[in-house]
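K.L.:
Number 52 in the UniProt record's numbering belongs to position 52 of the sequence shown; there are no gaps in the numbering.
We put the CB at the ideal spot given by N, CA and C, even for glycine.
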Amino acid sequence: MNKQYEAVIFDLDGTLIDSMWVWEKIDEGFLSELDLEVPKNMDKLLEGKSFTETAMYFKERFELEMSVEAIKERWNEMAWEFYTQKVPLKEGAKDFLVWLKKKNIKIGIATSNSIELVEAVLKALNIRDYFSQIRTSCEVGRGKPFPDIYLKVAEDLKVEPDKCLIFEDIPNGLRAGKAAGMTAWGIFDNQTEEMQAEMKEIADHFVIDYYEVIRDFEA
């Protein structure tokens, strides 16, 4: 492992933590407050967008009077309890982080979420100290599938892209990693069969959980 890769970079939601269900609740709750319904294809429409891009989409799509910043603030408020008390790590994630540390592999996060929620959940799960660098798509201006966020984290870690391994739970995330010149692995997160098939076409490898990752590298 440490001969092939010098860094591992994780997406957060659906990849490192089991949290995609939270955003389904928040989309429904937020729009319900405005007497609006969630479009059936919302997840695909928002795939890979940054927190800011998503808020901009909501503002334009639903013709909201709220500012983009107000929308983001409301989402942070709605998600806070979930992220600090109810969101768990994906299976095997903690063991994999420990394993990476023992191998002296640098670890980073490249997420579309807000930095407030990222810091909150990492501290709540007692894993903040494992990560040398954390970046959000809002900081680089464009979400996934653009490679900007992965390139930025690699730059922060001082590791060349071809020495980085990334983990993602959505096709556009995998595309971002591949566009950055990195090895991209997909991980299971209750995706539809169609999305899984798409991910397997893009990814260099697809795994069920992080125990499988450890087994693969120790084999």
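Span of the alpha helix (DSSP H) holding THR54?
P.N.:
As a position in the sequence shown, residue 54 is number 54, starting the count at 1. That run of the alpha helix (DSSP H) goes 51–61.
K.L.:
If you drop the 5 nearest sequence neighbours on each side, which residues of the same chain put their C-beta closer than 8 angstroms to that of MET66?
P.N.:
Locating residue 66 in the sequence shown gives position 66, where the first residue counts as 1. The residues are LYS59, ARG74.
K.L.:
Grouping DSSP H, G and I as helix and E and B as strand, with all else coil, what is VAL121?
P.N.:
By 1-based counting over the sequence shown, the position of residue 121 is 121. Helix at VAL121.
K.L.:
Compute the Euclidean distance between the alpha carbons of ILE127 and LYS94, then round it to the nearest angstrom.
P.N.:
Looking up residue 127 in the sequence shown gives position 127. Looking up residue 94 in the sequence shown gives position 94. Approximately 8 angstroms between the Cα atoms of the pair.
K.L.:
With three or more beta-carbon pairs closer than 8 angstroms as the criterion, would you say the segment 4–18 touches the segment 155–172?
P.N.:
yes
K.L.:
Closer than 6 angstroms by C-beta to VAL140: which residues in its own chain qualify, once you throw out the five before and the five after it? Chain order, please.
P.N.:
As a first step, residue 140 is located in the sequence shown; it is residue number 140 there, counting from the start. Closer than 6 angstroms at the Cβ level, and outside the excluded window around VAL140, lie ASP148, ILE149, LYS152.
K.L.:
Can you say whether VAL121 is buried or exposed, counting buried as having 16 or more other CB atoms within 10 angstroms of its CB?
P.N.:
Counting from one through the sequence shown, the residue named residue 121 turns up at place 121. It counts as buried.
K.L.:
Do the CB positions of THR136 and ASN104 come within less than 8 angstroms of each other?
P.N.:
Here the question's residue 136 lines up with position 136 in the sequence shown. Here the question's residue 104 lines up with position 104 in the sequence shown. No, Cβ-Cβ distance for THR136 and ASN104 is not below 8 angstroms.
K.L.:
Return the bridge partner residues of CYS164 from the DSSP annotation.
P.N.:
Taking the sequence shown and counting its residues from 1, one reaches residue 164 at position 164. In the DSSP output, where bridge partners are listed per residue, CYS164 has ALA7.
K.L.:
Going by beta carbon distance, what residues of the same chain come within less than 7 angstroms of LYS106, once the five residues before and after it are set aside?
P.N.:
The sequence position of residue 106 within the sequence shown is 106, counting from 1. Excluding positions up to five away in sequence, the list reads GLU6, ALA7, SER132, LEU157, VAL159.
K.L.:
With a 10 Å radius around its C-beta and 16 neighbouring C-beta atoms as the bar for buried, classify GLU194 as buried or exposed.
P.N.:
If you number the sequence shown from 1, residue 194 lands on position 194. Exposed.
K.L.:
Please classify VAL22 as buried or exposed, where buried requires at least 16 other C-beta atoms within 10 Å of its C-beta.
P.N.:
In the sequence shown, counting from the first residue as 1, residue 22 sits at position 22. So VAL22 ends up on the buried side.
K.L.:
Of the choices ALA203, THR192, VAL38, ASN190, whose alpha-carbon is the least far from that of THR183?
P.N.:
Reading the sequence shown from its first residue, position 183 is the one you call residue 183. Ranking the options by Cα distance to THR183, first place goes to ALA203.
K.L.:
Does the Cβ-Cβ distance between GLY108 and ILE134 come in under 8 angstroms?
P.N.:
The count along the sequence shown starts at 1 and reaches residue 108 at position 108. The count along the sequence shown starts at 1 and reaches residue 134 at position 134. Yes; because the gap between Cβ atoms is below 8 angstroms, this pair is in contact.
K.L.:
Identify the continuous beta strand (DSSP E) that holds PHE217 and give its terminal residues.
P.N.:
In the sequence shown, counting from the first residue as 1, residue 217 sits at position 217. No beta strand (DSSP E) holds PHE217; the alpha helix (DSSP H) holding it covers 210–218.
K.L.:
Could you pull the start and end residues of the alpha helix (DSSP H) that LYS72 belongs to?
P.N.:
What you label residue 72 is simply residue 72 of the sequence shown in a count that begins at 1. 68–81 is the extent of the alpha helix (DSSP H) around LYS72.
K.L.:
Kindly indicate which residue of LEU46, VAL213, ASP27 has the alpha-carbon position closest to the one of VAL38.
P.N.:
As a position in the sequence shown, residue 38 is number 38, starting the count at 1. It is ASP27 whose Cα lies nearest to the Cα of VAL38.
K.L.:
Is it buried or exposed, GLY186, if we count other Cβ atoms within 10 angstroms and call 16 or more buried?
P.N.:
The count along the sequence shown starts at 1 and reaches residue 186 at position 186. Buried: at least 16 other Cβ atoms inside 10 Å.
K.L.:
Near VAL68, which residues of its chain fall below 7 angstroms by C-beta distance, leaving aside the five closest residues on each side in sequence?
P.N.:
The residue you call residue 68 lines up with position 68 of the sequence shown. THR52, ALA55, MET56, LYS59.
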